[in-house]
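First comes the structure, then the notes that go with it.
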Amino acid sequence: MSAAELVGLAALFLTGVVLVIWCVEVFIEAVARSAVSLGISGFFLAVLLAGIDLENAILGVTAAFVDLPTLALGTVFGESLFVLAVAVGVAGLAVPFRMAVPRIYLLLLVLVPLPAFALSLDGTLDWTDGAILTVLFIPLLAGIFWRERRSETTFLLSGEVEEVVDLEADAETAGAAGSTANAGADAEPNGGDRAPAPDRDADLDLDLDLDEFVPDLEGKSGRFSLAVALLAIVGMTVGSGLTVVSAEGIFVALGVSGLAFGATVLSFIASIEELALTVEPVRRGRAHLAVGNVVGSTVFYVTANVGIIALLRPVDTAGAVMTVHWPFLAACLLVVAGLFARGRVTRAGGAALIALYVGYWIANYA
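Counting in my numbering, the sequence shown runs from -8 upward without gaps.
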């Protein structure tokens, strides 16, 4: 393959990733508006948006659908490690923070990958394994939501979900101001004081700056917003197709495996927004939101996400999956859980996580 062809594939790859991310932003905005307009519970909407990483799910499912299951599995490991190592690591380096994490969430963070690991020991994740993991996601998510509804602090809110909850609050009457969802988002774990949040204009913008290109649906009808959401799904499908097809050409031309490419390059680019969803809440004194993003994303990746991939195509879990990907994921989980258990993420802890992620890249291409 010539250099010009490789550059063309890289351009097509980036175009596909950007299109997927932009369409996801449009989809989230449209669904939020239509839910508020049509009277769907904003809390239920927050549940869905916080628990599911659409970008990774779409790219992984597309890769599995076109018979590239190792590329799809690579995105699961890659994005899990990105959230744990890069997002938490950068947050610790930039803004060392303290927080109190409920013990149940620490146990969940450490134990939730075990079913997928156990099912991988025979060397293959088939459709029965996929069904088990996909179904497992439902009670886990329901359990988190049940606990959150009974507690004063909502750990599940991410940046986008806060906006959704704010939309519902704005649509309510003055008598309903200060709803439970917003009160939960403003509360600090265990009743502790929270630092005042800076003005939104000072937000740390670490994503791909696509928010300003998302159409403003304020004042539009619920049906119109729902139609926009459906069009966004079409755009996600097109974008993911471009990404996966071009990614296949790139890793074949470079002589690397689809598993390694999906776990490193594809996951890194598709996960950039996770930095904003983790670092920004920490910077604004809402570390519990970052913890919620880490816990919720991890639960999704190692249950429903990998489960859906296995439902579509059997996945080979021998070789590098066992010798590279699972050990690094386990190491990152233990370090993050240890930092959370201590109640603080320091610069030293952040540096250790970044070093683990760099080692992960090296191990993939060694």
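Note that the Cβ used here is the ideal one computed from N, Cα and C, for glycine as well.
Quick caveat, the model's predicted, so the values are computed rather than measured.
Check this for me: beta carbons of residue i and residue j, under 8 Å apart or not?
i, j, result
"V293", "S111", "no"
"G7", "T234", "yes"
"V81", "G341", "yes"
"L(-3)", "G230", "no"
"I260", "V77", "no"
"V306", "T115", "yes"
"F356", "V247", "The sequence given here has Tyr at residue 356, not Phe. Against a cut-off of 8 Å, the Cβ pair of V247 and Y356 comes out as a contact."
"L75", "L324", "yes"
"V86", "R333", "no"
"S237", "F4", "yes"
"I241", "F252", "yes"
"A309", "L347", "no"
"A343", "V326", "yes"
"G69", "L245", "no"
"W317", "F136", "no"
State the beta-bridge partners of residue i as determined by DSSP.
i, result
"R89", "R335"
"T115", "D307"
Can you round the beta-carbon distance between residue i and residue j to whole angstroms, since I take them to be within the 8 Å contact cut?
i, j, result
"R335", "F88", "7 Å"
"L303", "A55", "4 Å"
"G298", "L124", "3 Å"
"F319", "A354", "7 Å"
"A328", "L100", "5 Å"
Going by C-alpha to C-alpha distance, which of the options sits closest to residue i?
i, options, result
"P60", "N296, L245, L105 and V327", "N296"
"E271", "G83, P93 and R214", "G83"
"V312", "D44, L62 and F4", "L62"
"I129", "V77, F252, D120 and V290", "V290"
"V52", "A357, I260 and M227", "M227"
"C14", "L0, L45, A107 and P104", "L45"
"P106", "D307, S288 and G121", "G121"
"V286", "L132, W352 and A244", "L132"
"I12", "I49, A357, A278 and V86", "I49"
"A278", "S216, L5, V79 and S258", "V79"
"G232", "A(-5), L0 and A(-6)", "L0"
"A301", "A(-6), E20, D58 and E239", "D58"
"I224", "A21, G276 and I95", "A21"
"L221", "V349, E16, A(-6) and I135", "E16"
"G134", "A109, S258 and Y96", "Y96"
"V67", "G249, A(-5) and T269", "G249"
"R138", "S288, G283, L102 and W317", "G283"
"T337", "M90, A(-5), A(-6) and V349", "M90"
"S(-7)", "V243, D113 and T269", "V243"
For the alpha helix (DSSP H) containing residue i, list its first residue and its last residue.
i, result
"V312", "No alpha helix (DSSP H) contains V312, which DSSP labels as neither H nor E."
"N47", "L45 to F56"
"F73", "Unbroken run through F73: none, as it is neither H nor E."
"N296", "Run containing N296: none; DSSP gives neither H nor E here."
"V101", "R94 to L102"
"A251", "G249 to F252"
"A261", "S258 to A261"
With a threshold of 8 Å between beta-carbons, can residue i be considered close to chain B, or not?
i, result
"G246", "Among the chains of the structure shown, chain B does not appear; only one protein chain is present."
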